[in-house]
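Each residue of the sequence shown is one higher than the one before, starting from 4 at the first, in my numbering. Notes for the one structure printed next.
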Amino acid sequence: MGKKKKQSKKDLKRRLSEQFQSTVKKSRIKECLHPKKEECSENIIKAHSIQNNKVLSEISKNGNVIMPIPKSDNPFQLTTEYGRKRATVFTGFCGHHDQMFSPIEDFDFNYEIKQVFLYIYRAFAVEYHRKMEGVKQQEEMKKFTTDSIIDYTQLGFTLAKRDMEKDKEVFDAAILNNEFNVLNYVVYEFDKEINFAATGFLTPIDDLNGNKIQSLSDYDAKMSNLYFSVFPEENKSYAIVAVLKNDELLADYVTSLKGLTQEEEKNFINYLIIKGTENLVINPDAWYALSEVDKESFNYSFAQIEDFFGMPTDKGYQIKNQGFDLFNL
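Pasting the structure below:
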């Protein structure tokens, strides 16, 4: 009986890449998240979670942006160029209901409550949609491996999706009732256009004073989430950070965010993005102008998103220097 041919590193990389592409493709979910499903248009579209015409068009260079998301044909490279038409898209709305975002697509930000709601609702929608796909993706992964980490990861996606379904009930009711004052939020304004934009969410486990808020190991408890949207516009930039108004657990957390210095505000936004999202776009010129050391610092920091055990625990770490400053791009 002949010996089994040893698989080369190149062959292994190619096989893993093919499996990753297949898994991603089979995990796609096309579903409109809008509560008025009876009004849906026929086709689910590739909706942008960050404004295409207002934001991506300004941040992109030759139609491209940098994102910290590996492409399916090269899952081993973190920071990658994406075309503007592909960047930040997700299949979470039909063409008709994507029009609900016209107040933030077609008009400048003016602090109006409905605009704040729409920025945060879209941040929620893309993350909820990713959790839906994440659960499905882990099921697909089980076809290739029996590693217990898949079960652990799937549990994480499942619990997060369950918790976000409770948030969805509030967002849906706000839309159905045309009552958008359902958020407890803070808006940071910066006097320059930043070279990046992002949306995402985070589940805070302790406050700025080091007090424990909630435990991710408590599987039975509904976790409280914080949502954010960061974007440049008309020689300024804005960061909206919000929780649901009915979320008493994070009420004091939001209050503490209102008394920060601007440097602390920037540090906190860096913290949110590094720990809470992949939905980040960066201007290519700004990225390539960085030193290799700075690029590695970013990649190292960003790789810690799910590494909860490695998070610092000193008081106020969320508003201290994060080792990388997106505002300096």
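Every residue gets a Cβ at the ideal spot worked out from N, C-alpha and C, and that includes glycine.
Nearest Cα to Leu-211 within the set Lys-225, Lys-261, Lys-169 and Leu-219: Lys-261. Tyr-291 sits in a helix when the DSSP states are folded into three classes.
Annotation: the continuous alpha helix (DSSP H) that includes Ala-254 extends over 254-260.
A residue is called buried when at least 16 other Cβ atoms come within 10 angstroms of its Cβ; Leu-219 does not meet this threshold and is exposed. Per DSSP, the continuous alpha helix (DSSP H) segment holding Pro-106 begins and ends at 105-108. Taking each of Lys-248, Ala-242 and Leu-253 in turn and checking the Cα distance to Met-226, the smallest one comes out for Leu-253. Put simply, of Ile-62, Lys-40 and Glu-192 the residue whose alpha carbon is nearest the alpha carbon of Asn-113 is Glu-192. As the crow flies, the alpha-carbon of Asn-331 is around 10 Å from that of Trp-290. Secondary structure at Phe-112: coil, using DSSP grouped into helix, strand and coil. Under the 10 Å beta carbon count, Asn-270 is surrounded by 16 or more other beta carbons and is classified as buried.
For Thr-91, the closest of Lys-248, Ala-201, Val-190 and Tyr-274 by C-alpha to C-alpha distance is Ala-201. Contact fails between the segment 155-175 and the segment 52-63, because fewer than three Cβ pairs, one in each stretch, are under 8 Å apart. CA-to-CA, the gap between Glu-41 and Lys-117 works out to about 23 Å. Our two residues, Thr-264 and Ile-322, have alpha carbons roughly 10 Å apart in a direct line. If the five residues before and after Phe-327 are omitted, its C-beta is found closer than 6 Å to the C-beta atoms of Ser-300, Phe-301 and Ser-304, all from its own chain and listed in chain order. Going by beta carbons, Phe-199 and Ile-285 fall inside the 8 Å limit. By the 16-neighbour rule on beta-carbons within 10 angstroms, Lys-164 is buried.
With respect to His-99, Ser-63 sits apart: the two C-beta atoms are not nearer than 8 Å. Annotation for Glu-281: Pro-71 and Ile-72 place their beta carbon closer than 7 Å to its own, counting only its chain and skipping 5 residues before and after. Bridge pairing for Tyr-131: absent [DSSP]. For Phe-96, the uninterrupted beta strand (DSSP E) segment begins and ends at 92-97. Runs of alpha helix (DSSP H) with 4 or more residues, each lying fully within the segment 139-180, are found at 151-180, listed in chain order.
A direct Cα-to-Cα measurement between Pro-38 and Leu-293 gives close to 44 Å. The shortest C-alpha to C-alpha distance from Ala-177 to any of Val-190, Tyr-241 and Met-103 is the one to Met-103. Annotated three-state conformation of Ser-52 is coil, per DSSP.
Rounded to whole angstroms, Glu-196 and Tyr-241 show a C-alpha spacing of 9 Å. Residue environment for Gly-279: buried (at least 16 other C-beta atoms within 10 angstroms of its C-beta). Cα atoms of Pro-287 and Gln-80: separation of roughly 16 Å, rounded to the nearest angstrom.
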